[in-house]
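Data first, discussion second: the structure below is written as structure tokens.
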Amino acid sequence: MKTSEEAICNDPLKCAFSFTKLLPNITAIDKEWDASTNVWNLKLSGTEFSGNASTSMLSVGGIEQPVVTVLPSTALFKVTNSPSSKLTGIRLYLDIGIPEGDRSLLDQGVTLTPKFVGISSNQGSPGGSVIVLNVQGVGSADKVSDITFTDAEGADKSLCENHSTISYGKIQCRTNPVTIPADSEIKILVDSSAPAEVCANTDTAQCKFEQTNSSMPVITNATIASASTIQITGTDFFESGYQTTVEFGGVVADNVTVSKTSIVAKWTKGVPVVANATAPIVSFEKLNTTDLMSVTHFASGKINIANALEITAATTDMTCSFNGGCPFEVSAKGLSTLMRGDPENNFITICDRKCIF
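Pasting the structure below:
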């Protein structure tokens, strides 16, 4: 019985195999800014390049980058993802094999210059907004020193209350609750020792940003309407296209009803109690957006509401074992919401022992 059999080639000419000496050779690598699409490309130069978008691949630090074009002496790849503006550990794979050349060119790579090309919204709320700035060349792990705007006197002021890089080319900013004029210039300061980056988009309108009350939500009054609801009145509330959130005392409302001039926020366990008068925080997050286009606006206007803890009933004349286990009931509007929202800091003790809620 045969357990294996050698395959025989019937036509030696068709079965011949040899290693080619015409491997691709990389002679240079450089960055190239595409002003028409507002992206950075990596350009590799050399000889004997072959293949196309489906048979070629380039990676930066193990992350694949899309192919733009492959020609006999150049290969162009779009940079879409990198943890750093310094692109190192570059590897090129073509259909004929791995190119030859100076490996240090690929290991050392290139460093991208940040290019500010747009903002997810050109208009913000004086109550503050969460916007995303498109800054190509900033890696997902890179930190940005500051983002500024020019005020009415022409001075540079910090735009963001806080900011962070959320992915390659995307910087999320919670704007300061201030008025920002329409002709303000936004600048990105990546490195405090380097000059600030201004708009690199040929369509400079994409980099403009203003923050005024025009068409933005403003709170004019807020009151506790019932044990479980807060009534908020104002102007220009977003009725559609946005997810409305109301937070009071650190607890988000379970249900929110919105009209252009009125909001009713409901907490099923009661309006949270607060030690001191506190203003409800109302935000509107735009729906159906990509990460690069996400935006949230906070309503301006601070109306403080008092809702101190008021016990209306409690178990009295209770006799209980030192081992505990006895039911104790206390009634107070909003108490349940408060304790469920932050059980570590809000609880009831009897004889210095914490009760199980």
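Our numbering numbers the first residue of the sequence shown as 67 and each following residue consecutively.
Glycine residues also receive a C-beta, built at the ideal position from the N, C-alpha and C atoms.
A quick note: this is a predicted structure, and the numbers were derived from the prediction, not measured.
Look at L353 here: in three-state DSSP terms it is coil, with no helix or strand label. The C-beta of I422 has fewer than 16 other C-beta atoms within 10 Å across all chains shown, which makes the residue exposed. Annotation: the continuous alpha helix (DSSP H) that includes L172 extends over 169-174.
When DSSP assignments are scanned along the stretch 307-335, the uninterrupted stretches of beta strand (DSSP E) that are 3 or more residues long and fall wholly within it turn out to be 308-314, 321-324, 328-332.
Excluding sequence positions up to five before and after A319, its CB lies within less than 7 Å of the CB of V312, A331, K332, W333, all in the same chain and listed in chain order.
The beta carbons of S187 and L255 sit no closer together than 7 Å.
The stretch 266-274 makes no contact with the stretch 216-228; the number of CB pairs closer than 8 Å stays below 3. Boundaries of the beta strand (DSSP E) around A288: 284-290. Taking a cut-off of 8 Å for Cβ pairs, the stretch 291-303 and the stretch 351-364 do not touch, as fewer than three such pairs fall below it.
Per the coordinates, the alpha-carbon of P243 lies some 8 Å from the alpha-carbon of S366. By the Cβ test, the stretch 197-212 is in contact with the stretch 233-243, since at least three Cβ pairs between them sit closer than 8 Å.
Cβ neighbours of N287 within its own chain (closer than 7 Å, five residues either side excluded): T299, I369. The Cβ atoms of T154 and S111 lie no closer than 7 Å to each other. Rounded to whole angstroms, the separation of the alpha carbons of T415 and N200 is 51 Å. In this model, V183 and R169 are separated by some 33 Å (Cα to Cα).
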